[in-house]
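Asks:
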Amino acid sequence: MTQLTHKNVHNYFKINGYHLNAKDLCRVGYSFIKEGDVYERAIGEFLLDWFDNKDYIEMTTSGTTGLPKVVRLEKQAMIQSALATGDFFGLEPGDRALLCLPTQFIAGKMMLVRSLILGLDIDVKAPSTEPLAFNSEKYDFVAMVPLQVQNSIEKLKNVKKLIIGGAKMDSTLEAELLKLNGEIYETYGMTETITHIAAKKVGESAFSILPNVKIEKDNRGCLVIYVSSISDEPIITNDLVELINDKQFVFLGRIDNVINSGGVKLIPEQIEAKLVGKISNRFFVTGVPDSVLGEKLILVIEGEKQDFAPDFFDILGKFEKPKEIVFVPKFKENENGKLLRKPTLES
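When the letters of the sequence shown are read in order and numbered with the UniProt record's numbering, they come out as residues 1 to 347.
1. Does the distance from the CB of T286 to the CB of N245 come in under 8 angstroms?
2. Quick one, are the C-beta atoms of V250 and C222 less than 8 angstroms apart?
3. Just to check my reading of the structure: F105 and A199 have Cβ atoms closer than 8 angstroms, yes? What is that Cβ distance to the nearest angstrom?
4. Go ahead and label A175 buried or exposed: buried means 16 or more other beta carbons lie within 10 angstroms of its beta carbon, across all protein chains shown.
5. So for Q248, helix, strand or coil by DSSP?
6. Is it right to say R114 is buried, meaning 16 or more other beta carbons lie within 10 angstroms of its own, or is it exposed?
7. Rounded to the nearest angstrom, how far is the Cβ of L316 from that of S261, given a contact under 8 angstroms?
8. To the nearest whole angstrom, what separates the beta carbons of D118 and P93, a pair I think is in contact under 8 angstroms?
9. Are the stretch 129-143 and the stretch 158-178 touching by the rule of at least three beta carbon pairs closer than 8 angstroms?
10. Between G294, G182, G277 and R282, which lies nearest to K330 when the distance is taken from Cα to Cα?
11. Taking G86 as the reference, which of I197, F207 and E304 has the closest Cα?
12. Can you tell me the Cα-Cα spacing of I230 and F134, whole angstroms?
13. Along the chain, where does the beta strand (DSSP E) that runs through C222 open and close?
14. Thinking C-alpha only, which one of K14, L25, I43 and I255 is nearest N238?
15. Alpha carbon to alpha carbon, how far is E216 from Q248? Give it in angstroms, no decimals.
16. Helix, strand or coil for G287 per DSSP?
17. Going by beta-carbon coordinates alone, are K7 and F51 separated by less than 8 angstroms?
18. Excluding sequence positions up to five away, which residues of its chain have a Cβ less than 7 angstroms from the Cβ of H10?
19. Can you tell which of D37, T187 and I235 has the C-alpha that lies nearest to the C-alpha of A206?
20. Note down the Cα distance separating K14 from Y139, rounded to an integer number of angstroms.
21. Following the continuous beta strand (DSSP E) through F141, name the residue where it begins and the one where it ends.
22. Excluding the 5 residues flanking M78 on each side, which residues of the same chain have their C-beta closer than 6 angstroms to its C-beta?
23. What are the start and end residues of each continuous alpha helix (DSSP H) run of 4 or more residues lying completely inside the stretch 147-172, in chain order?
The structure is reproduced here in structure tokens:
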């Protein structure tokens, strides 16, 4: 069997209802760059990059595995990632998909690559926080960030399989999604892994890895990922995990966020999970310098100041109770709606 290359376009592929081949898509790309809206120009640039003669594209990483940097992603690796996604989620040629993510980022690019390689019938819409508003179409496969999902609850009945990534999904949103009938997954991945390398159904605690992925923990307790089709070297993350077996792991939190308070190591994400549903506004816990403890744990809440009863934090362990509560008018976040803790605290 001839190996798929980035020049291949599946016979079933459609974009906005039209069957287009590689030459057609390049013409569309030129048109988008010349006359399109901002989101269309990004799509046009990607299409021209994808069908050129280079065997890679360049991307800026999100900073998950260190400082943001420009990396080269092999197009063949992106194809293998698309095939693994199709295998894991049972996607078939002709399935209807929706692109509602910015194509400047890897998640948006990969929705296009999956469609080209797997033969999906993809609708392209301008990225927005309410991607299903005024849209009554039914889709087999959609990718969104949590903010988009939160604003689309009523319309998700029209989506058969939904994957959620780009930012951690909180327990409140997860509880809402458990009431729905569709197949809804939270994904785990980053630019360096060409989007997700693992996924878990809403309500499950452990992520299951995609085909051709291997995992282990380093001496810090952080996840190490091996994907031979992407990199000859292991991808070392800063994500603390518990390994269930060689194909499943539970995400505990970011090692960058760990608070060392008087010699006790506290994982903010685990403390936050206990407070979900008790605090109506958005919040997070973090550590700030303290002359006695080294770091003290504080609770940061979005919005106006409020008072809490003396027993409010009894659900937390002795060392998990905040030493101080800080109120911030508006949290800082990135384009995917991901909370930026440090900039928020600095503000």
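Idealized CB from N, CA, C, for every residue including glycine.
The structure displayed is predicted, hence computed values, not measured ones.
Replies: From the atom records:
1. Looking up residue 286 in the sequence shown gives position 286. Looking up residue 245 in the sequence shown gives position 245. No, they are not a contact pair.
2. Here residue 250 corresponds to residue number 250 of the sequence shown, with the count starting at 1. Here residue 222 corresponds to residue number 222 of the sequence shown, with the count starting at 1. Contact: no.
3. The residue labelled residue 105 in the question sits at position 105 within the sequence shown. The residue labelled residue 199 in the question sits at position 199 within the sequence shown. With a Cβ gap of about 18 angstroms, F105 and A199 do not count as contacting.
4. In the sequence shown, residue 175 corresponds to position 175, counting from 1. Classification for A175: exposed.
5. Mapped onto the sequence shown, residue 248 falls at position 248. Reduced to three states, the DSSP call for Q248 is strand.
6. In the sequence shown, counting from the first residue as 1, residue 114 sits at position 114. R114 comes out buried.
7. Here residue 316 refers to the residue found at position 316 of the sequence shown. Here residue 261 refers to the residue found at position 261 of the sequence shown. Not quite, the Cβ-Cβ distance comes to about 13 angstroms (not below 8 angstroms), so this is no contact.
8. What you label residue 118 is simply residue 118 of the sequence shown in a count that begins at 1. What you label residue 93 is simply residue 93 of the sequence shown in a count that begins at 1. The residue asked about is misnamed: residue 118 is Leu in this sequence, not Asp. Contact flag correct, Cβ pair sits at about 7 angstroms.
9. yes
10. Locating residue 330 in the sequence shown gives position 330, where the first residue counts as 1. Measuring from the Cα of K330, the nearest candidate turns out to be R282.
11. Here the question's residue 86 lines up with position 86 in the sequence shown. The candidate whose alpha carbon is nearest that of G86 is I197.
12. The residue labelled residue 230 in the question sits at position 230 within the sequence shown. The residue labelled residue 134 in the question sits at position 134 within the sequence shown. So the alpha carbons of these two residues sit roughly 38 angstroms apart.
13. Along the sequence shown, one-based indexing puts residue 222 at 222. Residues C222 to Y226.
14. Residue numbering aside, residue 238 sits at position 238 when the sequence shown is read from its first letter. Looking at the Cα atoms, I255 is the closest of the given residues.
15. The sequence position of residue 248 within the sequence shown is 248, counting from 1. The sequence position of residue 216 within the sequence shown is 216, counting from 1. When rounded, the distance between both Cα atoms is 10 angstroms.
16. The count along the sequence shown starts at 1 and reaches residue 287 at position 287. Looking at G287 - three-state DSSP - the assignment turns out to be strand.
17. For the purposes of this step, residue 7 is identified with residue 7 of the sequence shown, where counting begins at 1. For the purposes of this step, residue 51 is identified with residue 51 of the sequence shown, where counting begins at 1. Contact flag set, yes.
18. One-based indexing of the sequence shown puts residue 10 at position 10. P93, L116, I117, L118 and G119.
19. Stepping through the sequence shown from its first residue, residue 206 is reached at position 206. Out of D37, T187 and I235, T187 has the C-alpha closest to the C-alpha of A206.
20. Here residue 14 is taken as the residue at index 14 of the sequence shown, counted from 1. Here residue 139 is taken as the residue at index 139 of the sequence shown, counted from 1. Straight-line Cα distance between these residues: approximately 14 angstroms.
21. Translated into positions along the sequence shown, residue 141 becomes position 141. Where F141 is concerned, the enclosing beta strand (DSSP E) stretches over Y139 to M144.
22. The residue labelled residue 78 in the question sits at position 78 within the sequence shown. V113 and I194.
23. none
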